[in-house]
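Q:
Residue numbers (our numbering), protein chains in the order written: chain A, 125 to 293; chain B, 12 to 219.
In C-alpha cells, the structure reads:
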C-alpha cells in the first residue's frame, strides 16, 4: 500500500475516497462545518504521518475512523474549555460530545453510499434526503418511473448487503 | 425472501415483514442517517488542498536523514553517559512498589506491557517494558502521560524503532499515588500538546 510508505499522492487519493466519511464523523461530533473541516484535515495529515503504524492486513476504515474520532474529540474539548474559561463551570475531562453516539454508524452509512454506483447513490439521495417520490425522482433524472423503481430496489438491496455487518450486531 | 432482500425493502419503504424488532430499530437508524444532511455533507475545498500541502511539505524533511543521523549519534552518546550514571545509582535505588499492566487500544491491539513504579528521592522512575507496539513513523513519536482524571503530565517520549521488546525509562515529577493512569499516545512532531490518539493505557493498582 503506497499510503503506508508515506506517498503524498496516496494520502490525497485516500482523502478522495474517505474524505466525505471522515467529514461526516467530524460534523456529527462537532456540529460545526469549519471545525469539522479542521478535524478532517488533521485526520488525514495525522494518518499520513502515522502511516507506518498501519497494518495493511487490517481493514483501513476502522483505523481512519479512530483517528477522525480522536481529532474531533480533541477539537471539541479545546472549544469546550475555551467556552468555559469565561464561566465558573469546571471542565469535565470525561465528558464526551453529544453527537459521538451515532458517529460510527454514520461513518459506515457514508462509506457504504460511496461504494454504490453514482446512479444508485443518486436515487437514494433523492428519495431519502430530498424526500422525493419515485415519480418526482424520475422527472428530476429524466428517466421512466419503472427505471427509478428498479434502480431504487437494486440500490437499497445493495446498501443492505454493504451494511450487513452493522445490521447483524 | 432473503434477509438482504427483506432489509433492502425495509430500507426503501420503511415496511417489511419477518424482521425482528432489533433489526427494525437498526434499519430505522440507517434510514434516519440517509435523511440526515450530515451524512451527505461535503468538506470545503480547502481541506483537500491543505492535506496535499501538508503532506508534500513534509517530504523534504525525510531527505534530511543525515542531520537526523548525526543528532541520533549525539543522543546515543548522551544516553550512554546517562545509562552509566543511572547504573551507578541503581544499586542504591528503592525497588518497585507497584506494577501497572498496560494494554494496547484498538489502534495497537497487539501491544502489551508493564510499568514498574519506583519512588526515588528525585521523582518516580517508571520502568516501562513494552512489546508489540509498532515503530512510530518518521515525524511521529510515542508520548507517555500520567493522568489524575483532571490533568495529564508527560513522563517521556520514545519511538520503538528497534526490533525487539523494549525497556524504556520514564520519569514522573508528580506523585503517582495521585496520578493513577498511565497513557501512551501517538504524537506528531511540531504539535506540542496531547492531541494524538491513545495507543496504550493502564491503571495503577492500590499500593502504599
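Don't be surprised by glycine CBs; every beta carbon is placed ideally from N, CA and C.
State the Cα-Cα distance for the pair residue 19(B) and residue 163(A), rounded to the nearest angstrom.
A: Their backbone Cα atoms lie some 33 angstroms apart in a straight line.
Q: Determine contact between the stretch 227 to 234 of chain A and the stretch 144 to 158 of chain A, defined as no fewer than three beta-carbon pairs at a distance below 8 angstroms.
A: Yes, the stretch 227 to 234 of chain A is in contact with the stretch 144 to 158 of chain A.
Q: Chain A partners of residue 195(B), CB-CB under 8 angstroms?
A: Simply none; closest approach about 12 angstroms.
Q: If you draw a straight line from the C-alpha of residue 191(B) to the C-alpha of residue 136(B), how long is it?
A: Roughly 14 angstroms between the two C-alpha positions.
Q: Could one say the Cβ of residue 61(B) lies closer than 8 angstroms to chain A's Cβ atoms, at least one of them?
A: Yes, its Cβ sits closer than 8 angstroms to a Cβ of chain A.
Q: Could you tell me how far apart the beta carbons of residue 203(A) and residue 159(A) are, in whole angstroms, since I believe they sit closer than 8 angstroms?
A: Right, the Cβ-Cβ distance comes to about 7 angstroms (below 8 angstroms), so this counts as a contact.
Q: Counting Cβ pairs closer than 8 angstroms, one from the stretch 144 to 159 of chain B and one from the stretch 207 to 216 of chain B, do we hit at least three?
A: Touching, per the Cβ criterion.
Q: On the three-state DSSP scale, how would you describe residue 152(B)?
A: Residue 152(B) falls in the strand class under three-state DSSP.
Q: So if DSSP puts residue 135(B) in a beta bridge, which residue, or which two residues, is it bridged to?
A: According to DSSP, residue 135(B) bridges with 130(B), 183(B).
Q: Going by beta-carbon coordinates alone, are residue 149(A) and residue 192(A) separated by less than 8 angstroms?
A: Closer than 8 angstroms, so yes.
Q: Is residue 275(A) buried or exposed, if buried means 16 or more other CB atoms sit within 10 Å of its CB?
A: Classification of residue 275(A): buried, given that the 10 Å Cβ count is 16 or more.
Q: With a cut-off of 8 angstroms, does the C-beta of residue 253(A) fall near any C-beta of chain B?
A: It does: the Cβ of residue 253(A) has a partner Cβ on chain B nearer than 8 angstroms.
Q: Beta-carbon of residue 78(B) versus every beta-carbon of chain A: anything under 8 angstroms?
A: A caution first: residue 78(B) carries a pLDDT of 46, below 50, which makes its placement in the model too unreliable to give a value.
Q: From the DSSP secondary-structure annotation, give me the bridge partner or partners of residue 169(B).
A: Per DSSP, 153(B).
Q: Taking CB distances under 8 angstroms as the criterion, tell me whether residue 213(B) reaches chain A.
A: For residue 213(B), the answer is no, since every Cβ of chain A falls outside 8 angstroms of its Cβ.
Q: Checking 8 angstroms against the spacing of the C-beta atoms, do residue 63(B) and residue 136(A) come in under that value?
A: Taking 8 angstroms as the Cβ cut-off, residue 63(B) and residue 136(A) qualify as a contacting pair.
Q: What three-state label does DSSP hand residue 109(B) in the structure shown?
A: Strand.
Q: Would residue 200(B) pass as a contact of residue 152(B) if the rule is Cβ separation under 8 angstroms?
A: Their beta carbons are under 8 angstroms apart, which means residue 200(B) touches residue 152(B) by this criterion.
Q: Counting only the same chain and skipping the five closest in sequence on each side, list residues whose C-beta sits under 6 angstroms from that of residue 221(A).
A: Correct list, in chain order: 153, 200.
Q: Give the interface partners of residue 199(B) over in chain A, defined as CB-CB distance under 7 angstroms, in chain order.
A: Those are 170, 173, listed as they occur along chain A.
Q: The stretch 176 to 200 of chain A: which residues have C-beta closer than 8 angstroms to a C-beta of chain B, in chain order?
A: Within the stretch 176 to 200 of chain A, the qualifying residues are 176, 177, 179, 186, 187, 190, 191, 194, 195, 198.
Q: Give, in chain order, every residue of the stretch 125 to 141 of chain B whose Cβ lies closer than 7 angstroms to some Cβ of chain A.
A: Correct list: empty, as no residue qualifies.
Q: Using the three-state DSSP reduction, which class does residue 192(B) fall into: helix, strand or coil?
A: Looking at residue 192(B) - three-state DSSP - the assignment turns out to be strand.
Q: How is residue 210(B) classed by DSSP in three states: helix, strand or coil?
A: In the structure shown, residue 210(B) sits in a strand (DSSP, three-state: E or B).
Q: Would you say residue 51(B) faces chain A, with C-beta separation under 8 angstroms as the test?
A: With 8 angstroms as the cut-off, residue 51(B) counts as an interface residue toward chain A.
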